[in-house]
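Residue numbers (UniProt numbering): 1 to 85. For glycine and all other residues, C-beta sits at the position ideal for the given N, C-alpha and C. Just so it is clear, the structure is predicted and the values come from calculations on it, not from any experiment. As structure tokens, the structure follows; a few thoughts come after it.
Rendered as structure tokens:
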């Protein structure tokens with residue numbers, strides 16, 4: 001039973017690490033449009049720190065305010081749901 005717990009822990013840890021290394025949809029769209037985080041912040045009114053946190057997954061973009069989500073989508077030329085993870 002103990003070995004199974006260790007294996008489960010390793011599997012969960014590996015999936016978290018893999019997810020952290022994959023770009024967020026926000027980052028992918030932002031780069032495709034050719035904007036820096038700062039430019040996106042200035043054009044959308046969403047703070048630079050918030051954009052950084054969404055892209056680093058420190059904050060869950062799925063729980064972002066509707067205002068932030070729609071502001072980002074408007075500037076990026078996509079639908080708000082395109083930015084959700």
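Expected contact under 8 Å - CB spacing of residue i and residue j to nearest Å
i          : j          : result
residue 61 : residue 83 : 6 Å
residue 51 : residue 41 : 6 Å
Residues of its chain near residue i, where Cβ-Cβ distance is below 7 Å and the 5 sequence neighbours each way are ignored
i          : result
residue 31 : none
Euclidean distance between Cα positions of residue i and residue j
i          : j          : result
residue 55 : residue 5  : 31 Å
residue 43 : residue 73 : 11 Å
residue 38 : residue 48 : 6 Å
residue 59 : residue 53 : 5 Å
residue 45 : residue 67 : 10 Å
residue 25 : residue 34 : 14 Å
Cβ neighbours of residue i in the same chain (closer than 6 Å, five flanking residues each side left out)
i          : result
residue 80 : 69, 70, 73
Coil, strand or helix - residue i by DSSP
i          : result
residue 82 : helix
residue 11 : helix
residue 47 : coil
residue 5  : helix
Neighbourhood of residue i by C-beta distance below 8 Å, restricted to the same chain and skipping five residues each side
i          : result
residue 29 : 76, 78, 82, 83
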